Amino acid sequence: MAKNKVYAVRKGRNRGLFNTWEACQKQIQGYSGAEYKSFKELEDAQRYMENAVKEKEAKTIENLNDDEMIAYVDGSYEDQMKSCSYGGITFFQGEKHVFSGREKDLKLLEMRNVAGEIKGARLAMAYAISKNAKTLYLYYDYEGIEKWATSAWQARKEGTKDYKKYYDGIAQNLEVVFIKVKAHSGDQYNEEVDQLAKDALYKQ
């Protein structure tokens, strides 16, 4: 019995992996500059998606175009307080913007520090849209930030479903390039947002 194909959409209404041509077609039909490909193996499709990030990974704060933004996000959780928080930094048109806060959404709290990461990612996307940025280079250290958005992981909980729905709603207006950073690896801005998230836990 032949294997079903996997359709990978690198650029379309929604980025991600799709199990049918019909689902893939909805993302690319009539979409200018769509990038997609079919694969027999899931691993090959995932590699194709990852290569799209690698092609753009060289962007730095110094060589951003005026319609491009860089963001770093992180989350934290304190078990005794039953509280999670987020921290983020963006760079756009030469300006640095810092944000942080505590997350009060009960649907997210059960996911502990992941809840803060999701909130930070959403706020970074929202800020990019508010500034009319066309591309957001989103640096994160928890892989679900990318994989739930791109459907590499199935969103099962209310918090991840809401995150996926939000991403799908903005993907046509904002290209998000997800870039994973190894946690606590000495990356200056990753360490900075980690501290912002931790500090936010204790703010009233």
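When we follow our numbering, the leftmost residue of the sequence shown carries the number 294, and every step to the right adds one.
Each residue gets a CB set at the ideal place from its N, CA and C atoms; glycine is no exception.
For clarity, every value in this text was computed on a predicted model and none was experimentally measured.
Contacting residues, own chain, Cβ-Cβ under 7 Å from residue i (five flanking each side not counted)
i: residue 486; result: 365, 366, 367, 380, 381, 382
i: residue 386; result: 359
i: residue 435; result: 407, 410
i: residue 294; result: Residue confidence for residue 294 is low, a pLDDT of 37 falling below 50, so the modelled location carries little weight and cannot support an answer.
i: residue 446; result: 437, 440
i: residue 461; result: 307
Beta-carbon proximity list for residue i, same chain, < 8 Å, skipping 5 on both sides
i: residue 459; result: 415, 418
i: residue 326; result: 304
i: residue 466; result: 422
i: residue 316; result: 300
i: residue 448; result: 441, 454, 456, 457
i: residue 425; result: 360
For residue i, the first and last residue of its enclosing beta strand (DSSP E)
i: residue 303; result: 299 to 304
i: residue 361; result: 361 to 371
Beta bridge counterpart(s) of residue i as assigned by DSSP
i: residue 473; result: 433
i: residue 391; result: 382
i: residue 407; result: According to DSSP, which records beta bridges pairwise, residue 407 is partnered with nothing at all.
i: residue 309; result: 302
i: residue 329; result: 302
i: residue 396; result: 377
i: residue 468; result: 428
Reduced DSSP secondary structure (H/G/I, E/B, other) of residue i
i: residue 295; result: For residue 295, the pLDDT reaches just 45, beneath the cut-off of 50, and the residue's location in the model is therefore unreliable, although a value from the coordinates is still provided. Of the three classes helix, strand and coil, the one that applies to residue 295 here is coil, per DSSP.
i: residue 335; result: helix
i: residue 428; result: strand
i: residue 358; result: coil
i: residue 453; result: helix
i: residue 496; result: coil
Extent of the continuous alpha helix (DSSP H) to which residue i belongs
i: residue 324; result: Looking at the DSSP string, residue 324 is not in any alpha helix (DSSP H), and its letter there is neither H nor E.
i: residue 447; result: It is not in any alpha helix (DSSP H) - residue 447 carries neither H nor E in the DSSP assignment.
i: residue 490; result: 481 to 493
Any non-hydrogen atom of the ligand GTP closer than 7 Å to residue i Cβ
i: residue 425; result: The ligand GTP is absent from the structure shown, which contains no ligand whatsoever.
Own chain residues within Cβ distance below 6 Å of residue i, not counting five before or after
i: residue 390; result: 383
i: residue 388; result: none
i: residue 412; result: 379, 396
i: residue 480; result: 474
Exercise. Would you call the region 301 to 310 and the region 325 to 337 touching, i.e. three or more CB-CB distances under 8 Å?
Worked result: The region 301 to 310 vs the region 325 to 337: in contact.
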